[in-house]
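**Q** For the sequence shown, this note's numbering begins at 440 and goes up steadily by one. Cβ atoms here follow ideal geometry from the backbone N, Cα and C, with glycine treated the same way. Just dropping this structure here.
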Amino acid sequence: MHLAVRLMQSLSLESRRKTIVYDLLDHPDMPDGFPHPADGRNLAGAYEDNRVIPCSGAQVTTFSDASKEILLQLIKSFIDFLPNGSLTAKMSDVKAHLDDT
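Spelled out as structure tokens, the structure:
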């Protein structure tokens, strides 16, 4: 099973509700200026280097230890192309800031 699905299934109902900020790709409550659906509503894409993205969703501090571990596995799956030393350093950085996420 995909890690993202496992993560969502591991969350409490309350955390899951907070994690899903918009349940539709074209939700009527989205603010003006939200990226086009064809861009996957990605707020941190190309040419967005200085964009300020407000916090939204559930805080990782509310996740169970099992959910946090799945989240770390998911993050690692996106950067596992890095050499071992760099991967270890990046994951240490992620873990150091997990409670701020």
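So, are the CB atoms of alanine 505 and serine 454 less than 8 Å apart?
**A** The answer is no: Cβ separation not under 8 Å.
**Q** Starting from the C-beta of proline 476, find all residues in its chain whose C-beta is less than 8 Å away, skip the five residues before and the five after it, and write them out in chain order.
**A** Leu464 and Asp465
**Q** Between leucine 526 and aspartate 519, which are expected to be in contact by the criterion C-beta below 8 Å, what is the C-beta distance as a whole number of angstroms?
**A** Contact flag correct, Cβ pair sits at about 6 Å.
**Q** Would you report the Cα separation of phenylalanine 517 and serine 503, rounded to the nearest angstrom?
**A** The straight-line gap from Cα to Cα measures roughly 22 Å.
**Q** Relative to the C-alpha of histidine 441, which candidate in Thr500, Asp468 and Leu513 has its C-alpha closest?
**A** Leu513
**Q** Would the beta-carbon of valine 499 fall within 8 Å of that of leucine 446?
**A** no
**Q** Decide if alanine 497 is buried, meaning its Cβ has at least 16 other Cβ atoms within 10 Å, or exposed.
**A** buried
**Q** Helix, strand or coil for phenylalanine 473? Go by DSSP, reduced to three states.
**A** coil
**Q** On the three-state DSSP scale, how would you describe asparagine 489?
**A** coil
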